[in-house]
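Below is one structure; the comments refer to it alone.
There are 4 protein chains.
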Amino acid sequence: MTPTADAPRSPGRPRSVRADEAIIEATLDLLAEGSTIEALSIEAIASRAGVGKATIYRRWPGKEELFVDLLRSVEPPDPVLPGTSARDDLVALLESLRQRGLAKRTSALLHNVFSQMQLYPKLWEAYHATVIEPRRRIGLDALRRGVAAGEIRADVDLELLNDLFVGPLLLRTVIRPGATLEPGLPEQVVDAVLDGVRPKG
Amino acid sequence: MTPTADAPRSPGRPRSVRADEAIIEATLDLLAEGSTIEALSIEAIASRAGVGKATIYRRWPGKEELFVDLLRSVEPPDPVLPGTSARDDLVALLESLRQRGLAKRTSALLHNVFSQMQLYPKLWEAYHATVIEPRRRIGLDALRRGVAAGEIRADVDLELLNDLFVGPLLLRTVIRPGATLEPGLPEQVVDAVLDGVRPKG
Amino acid sequence: MTPTADAPRSPGRPRSVRADEAIIEATLDLLAEGSTIEALSIEAIASRAGVGKATIYRRWPGKEELFVDLLRSVEPPDPVLPGTSARDDLVALLESLRQRGLAKRTSALLHNVFSQMQLYPKLWEAYHATVIEPRRRIGLDALRRGVAAGEIRADVDLELLNDLFVGPLLLRTVIRPGATLEPGLPEQVVDAVLDGVRPKG
Amino acid sequence: MTPTADAPRSPGRPRSVRADEAIIEATLDLLAEGSTIEALSIEAIASRAGVGKATIYRRWPGKEELFVDLLRSVEPPDPVLPGTSARDDLVALLESLRQRGLAKRTSALLHNVFSQMQLYPKLWEAYHATVIEPRRRIGLDALRRGVAAGEIRADVDLELLNDLFVGPLLLRTVIRPGATLEPGLPEQVVDAVLDGVRPKG
DNA sequence: TAATAATCGAGACGGTACGTCGCGTCTTCTG
DNA sequence: CAGAAGACGCGACGTACCGTCTCGATTATTA
Numbered sequence: 053m054t055p056t057a058d059a060p061r062s063p064g065r066p067r068s069v070r071a072d073e074a075i076i077e078a079t080l081d082l083l084a085e086g087s088t089i090e091a092l093s094i095e096a097i098a099s100r101a102g103v104g105k106a107t108i109y110r111r112w113p114g115k116e117e118l119f120v121d122l123l124r125s126v127e128p129p130d131p132v133l134p135g136t137s138a139r140d141d142l143v144a145l146l147e148s149l150r151q152r153g154l155a156k157r158t159s160a161l162l163h164n165v166f167s168q169m170q171l172y173p174k175l176w177e178a179y180h181a182t183v184i185e186p187r188r189r190i191g192l193d194a195l196r197r198g199v200a201a202g203e204i205r206a207d208v209d210l211e212l213l214n215d216l217f218v219g220p221l222l223l224r225t226v227i228r229p230g231a232t233l234e235p236g237l238p239e240q241v242v243d244a245v246l247d248g249v250r251p252k253g
Numbered sequence: 053m054t055p056t057a058d059a060p061r062s063p064g065r066p067r068s069v070r071a072d073e074a075i076i077e078a079t080l081d082l083l084a085e086g087s088t089i090e091a092l093s094i095e096a097i098a099s100r101a102g103v104g105k106a107t108i109y110r111r112w113p114g115k116e117e118l119f120v121d122l123l124r125s126v127e128p129p130d131p132v133l134p135g136t137s138a139r140d141d142l143v144a145l146l147e148s149l150r151q152r153g154l155a156k157r158t159s160a161l162l163h164n165v166f167s168q169m170q171l172y173p174k175l176w177e178a179y180h181a182t183v184i185e186p187r188r189r190i191g192l193d194a195l196r197r198g199v200a201a202g203e204i205r206a207d208v209d210l211e212l213l214n215d216l217f218v219g220p221l222l223l224r225t226v227i228r229p230g231a232t233l234e235p236g237l238p239e240q241v242v243d244a245v246l247d248g249v250r251p252k253g
Numbered sequence: 053m054t055p056t057a058d059a060p061r062s063p064g065r066p067r068s069v070r071a072d073e074a075i076i077e078a079t080l081d082l083l084a085e086g087s088t089i090e091a092l093s094i095e096a097i098a099s100r101a102g103v104g105k106a107t108i109y110r111r112w113p114g115k116e117e118l119f120v121d122l123l124r125s126v127e128p129p130d131p132v133l134p135g136t137s138a139r140d141d142l143v144a145l146l147e148s149l150r151q152r153g154l155a156k157r158t159s160a161l162l163h164n165v166f167s168q169m170q171l172y173p174k175l176w177e178a179y180h181a182t183v184i185e186p187r188r189r190i191g192l193d194a195l196r197r198g199v200a201a202g203e204i205r206a207d208v209d210l211e212l213l214n215d216l217f218v219g220p221l222l223l224r225t226v227i228r229p230g231a232t233l234e235p236g237l238p239e240q241v242v243d244a245v246l247d248g249v250r251p252k253g
Numbered sequence: 053m054t055p056t057a058d059a060p061r062s063p064g065r066p067r068s069v070r071a072d073e074a075i076i077e078a079t080l081d082l083l084a085e086g087s088t089i090e091a092l093s094i095e096a097i098a099s100r101a102g103v104g105k106a107t108i109y110r111r112w113p114g115k116e117e118l119f120v121d122l123l124r125s126v127e128p129p130d131p132v133l134p135g136t137s138a139r140d141d142l143v144a145l146l147e148s149l150r151q152r153g154l155a156k157r158t159s160a161l162l163h164n165v166f167s168q169m170q171l172y173p174k175l176w177e178a179y180h181a182t183v184i185e186p187r188r189r190i191g192l193d194a195l196r197r198g199v200a201a202g203e204i205r206a207d208v209d210l211e212l213l214n215d216l217f218v219g220p221l222l223l224r225t226v227i228r229p230g231a232t233l234e235p236g237l238p239e240q241v242v243d244a245v246l247d248g249v250r251p252k253g
């Protein structure tokens with residue numbers, strides 16, 4: 053993950069750890085001060101970090117890659133599912149989404165970067181591949197187990213079903229920031245989708 | 053809405069409607085050709101539109117404001133619901149969302165602009181108030197009629213239910229822009245949420 | 053000379069004399085405030101004069117032509133030569149040059165415009181044709197009369213001779229602006245060139 | 053003189069000498085092609101020189117300062133006088149003036165830049181001190197030797213006499229560009245001023 | 001211990017786009 | 001008609017960053 057991963061030890065002066073830290077620190081500082089990604093120039097980072105521009109480019113190909121590393125470092129770990137039932141797994145999954153949504157709202161940095169991420173294709177793709185997709189896969193696995201266990205109908209498109217569960221949370225977090233993310237939300241969503249909303253009988 | 057809204061008629065030559073259109077058209081063209089917003093320079097728009105840069109800056113303070121107007125200009129009109137049943141209404145509502153997602157241009161634009169807008173609270177609020185909220189209200193009304201008609205359980209949170217229907221479509225359009233939006237999707241979503249996904253019996 | 057010269061009286065609303073005056077006045081004001089010709093935009097003149105730009109362009113094709121009129125209005129009249137002798141005529145001619153040189157030094161406007169004139173070919177040519185050339189012709193005529201009267205050798209190139217007389221004055225006025233232009237200068241120059249500077253006998 | 057004068061060696065990549073030369077060369081080219089100074093944009097110079105605009109602005113604050121340096125760079129070296137006689141010295145001096153006037157580039161440049169310079173007193177003074185004054189001094193020395201050798205009357209104001217010799221050449225070069233600067237001109241001027249133009253006897 | 005080699009801060013390089021200003025022309029409405 | 005007002009397409013302004021490229025000066029490892 054970090055740019056100074058262990059290598060076969062090459063000759064010459066090694067990369068400065070102080071520079072690594074100074075770059076990261078300067079970037080976080082500038083983001084915390086409210087800079088947009090667009091306004092956050094490599095030149096500004098280098099200047100703030102007291103570092104040459106080339107020192108940054110030596111570590112990352114561009115702005116976006118730097119942010120990918122930055123984002124991954126603050127992303128919470130994948131949720132661990134209880135495995136007791138499909139319902140429990142789905143609730144746990146949505147709960148972790150909810151927690152992140154809450155964190156996102158409290159962390160200026162996260163909010164700042166998240167909302168701009170889609171403008172930077174490489175950044176978005178990297179985030180998609182390393183964060184969103186794995187988590188989607190976890191959800192699909194849980195659904196498959198649910199089908200196998202007879203908890204979920206076998207004739208439903210699981211991709212769609214997954215979106216059915218995740219959609220509302222993501223909508224409230226990303227599309228409609230400010231919406232409520234109250235504690236019971238995951239259960240509500242899961243039960244509504246599992247049971248349907250037609251009157252019984 | 054448009055920059056040349058009706059005014060008390062100021063002196064001097066009036067803004068050219070042809071220029072208005074040329075700018076909008078050029079921007080949509082460039083976006084449709086795959087330009088990201090950050091790669092979409094005012095200079096390129098002006099050149100493509102056959103218009104001076106100042107003519108653009110005379111209308112909008114910057115790129116962001118231009119995109120908000122653009123967004124509104126491509127926004128399809130509110131859907132007309134058949135009113136035959138809650139299911140039909142919801143399908144019609146989601147179908148209009150799907151159509152919007154399909155329009156390649158519109159989708160690229162939505163995808164690009166949505167996040168940017170969140171950085172400008174007032175602009176986001178304006179868009180929210182004039183586009184998102186009315187449509188949400190239409191959905192909520194349909195759901196209320198469904199409850200009254202006995203098609204939907206009375207004990208469900210309608211706000212949440214609305215998100216349940218809309219979430220998947222928005223997720224696929226905005227969050228996961230490459231995802232499929234096949235013709236039957238609205239029906240699938242509506243039926244899945246109405247019926248639930250537990251095995252029958 | 054003025055833009056509103058007498059004409060065959062055309063139909064429609066006549067040119068406003070107030071506008072004429074306002075334009076001239078505004079230009080002189082701006083020059084007096086120290087604006088360079090370059091910084092003196094038509095836009096600034098129009099704004100200062102409370103006049104539309106088209107009103108200026110209706111009178112003069114461009115900036116330079118406006119200045120030509122302005123310059124001519126402050127240029128002293130051609131000198132009247134006594135005609136008593138070639139020497140007297142030349143002294144009178146150079147005296148008028150000297151007077152203008154003195155005026156140029158005292159008038160910020162003249163100094164300002166003169167020193168920039170050469171940058172504006174049309175302005176310079178117009179000035180050359182209407183001011184410099186006629187005065188040169190007057191000098192040449194005086195020289196020819198001197199030759200005819202036997203005061204000046206017949207084998208001298210009169211064009212060159214004229215430059216010999218005028219050169220020093222122009223040099224001190226234009227090229228070396230701080231140089232002295234003391235009262236007796238014209239006589240000194242004329243006598244030196246007429247008599248030569250070799251020791252007598 | 054050049055913008056890259058010897059300095060205590062500052063950190064960072066040093067200014068490119070190739071860029072220096074390319075800028076100077078491009079400007080001279082454009083001037084030689086007949087561009088007026090006002091038509092000579094920094095953008096055109098940069099483009100012609102294959103250089104970024106910033107590279108020019110890094111060296112000179114603006115157009116004016118660039119031209120001063122240019123002027124000095126094309127200024128021919130001070131003439132070497134034969135010393136055989138005052139007449140020979142003066143002819144040599146004027147010949148060097150004539151040569152300078154003939155160089156098409158230099159002439160165009162001189163004509164264009166001279167006046168501009170007068171608007172910037174310090175720049176003018178610098179040019180005066182380093183170019184004009186030394187050359188004037190050379191002329192004055194030659195005249196003094198002429199007086200000492202009995203070639204020139206002792207009662208003439210040498211300052212004025214110098215202007216008498218130099219004036220015509222400068223007039224034709226700077227004030228009346230396009231005038232003839234034929235080969236024999238220096239001799240003609242020197243002889244005319246030395247001998248006077250009154251009929252002999 | 002010396003040579004070698006990759007690093008460091010610094011800053012110049014050729015570019016692209018920025019947002020502004022003025023050009024000279026062209027509408028619009030008002031006198 | 002001419003007036004002012006001001007928008008139009010155009011092109012240059014001077015600035016900010018881009019990502020790359022020298023510089024002289026440090027550090028390490030290898031010989």
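Top to bottom, those sequences are chains B, X, Y and S. For what it's worth, my numbering labels the leading residue of the first sequence as 53, then goes sequentially. For what it's worth, my numbering labels the leading residue of the second sequence as 53, then goes sequentially. For what it's worth, my numbering labels the leading residue of the third sequence as 53, then goes sequentially. For what it's worth, my numbering labels the leading residue of the fourth sequence as 53, then goes sequentially. Note that beta-carbon positions come from the ideal geometry of N, C-alpha and C, so glycine has one too.
Using a cut-off of 7 Å between C-beta atoms, extract the partners of residue i located in chain S.
{"i": "V143/Y", "result": "Residues of chain S passing the Cβ test: none, with the nearest at roughly 15 Å."}
{"i": "I108/Y", "result": "In chain order: nothing, as chain S lies at least about 19 Å away."}
{"i": "I227/Y", "result": "L222, V226"}
Note down, in chain order, every chain S residue with its Cβ under 9 Å from the Cβ of residue i.
{"i": "P251/Y", "result": "G202, E203, I204, R205, A206"}
{"i": "D130/Y", "result": "Residues of chain S passing the Cβ test: none, with the nearest at roughly 18 Å."}
I'd like the span of the alpha helix (DSSP H) that includes residue i, first residue to last.
{"i": "A144/S", "result": "138-154"}
Which residues in chain B sit within 7 Å of residue i, going by Cβ to Cβ distance?
{"i": "R224/X", "result": "D215"}
I want to verify the contact list: residues of chain X whose CB lies under 8 Å from the CB of residue i, in sequence order.
{"i": "L212/B", "result": "P220, L237, Q240, V241, A244"}
If the cut is a Cβ gap below 7 Å, which residues of chain Y does residue i touch?
{"i": "D247/S", "result": "G248, R250"}
Just to make sure I have the definition right: I need the residues of chain B whose C-beta is within less than 9 Å of the C-beta of residue i. Which are they?
{"i": "D209/X", "result": "Q240, A244"}
(request) Return the chain-ordered ranges of every alpha helix (DSSP H) run that is complete within the segment 56-118 of chain S and spans a minimum of 4 residues. (result) The qualifying runs are 69-84, 94-101, 105-111.
(message) For the segment 83-102 of chain X, list every residue whose C-beta sits within 9 Å of some C-beta in chain B, in sequence order.
(response) Close to chain B, meaning a Cβ-Cβ distance shorter than 9 Å, are the following residues of the segment 83-102 of chain X: T88, I89, E90.
(request) Report yes or no: do the segment 63-79 of chain B and the segment 91-103 of chain B share at least 3 C-beta pairs separated by less than 8 Å? (result) yes
(request) Go through the segment 165-244 of chain B residue by residue and report every complete run of the alpha helix (DSSP H) that reaches 4 residues or more, in order. (result) 173-179, 185-200, 210-222
(message) Tell me which residues of the segment 189-200 of chain B have at least one Cβ-Cβ distance to chain X shorter than 7 Å, keeping chain order.
(response) none
(request) Pair every Cβ in the segment 171-183 of chain Y with every Cβ in the segment 195-214 of chain S, then say whether three or more of these pairs are closer than 8 Å. (result) no
(message) So, does the segment 211-221 of chain Y touch the segment 225-245 of chain S, judging by three or more C-beta pairs under 8 Å?
(response) yes
(request) Spell out a yes or no on whether the segment 83-97 of chain B and the segment 61-71 of chain B are touching, meaning 3 or more CB-CB pairs, one atom from each, closer than 8 Å. (result) no
(message) Does the segment 187-207 of chain S come into contact with the segment 124-144 of chain S, if we say contact requires no fewer than three beta-carbon pairs (one atom in each stretch) closer than 8 Å?
(response) Yes: at least three Cβ pairs fall under 8 Å.
(request) Could you say if the segment 121-128 of chain Y and the segment 148-156 of chain Y meet the contact criterion of at least three C-beta pairs nearer than 8 Å? (result) Put simply, the segment 121-128 of chain Y touches the segment 148-156 of chain Y. At least three CB pairs are less than 8 Å apart.
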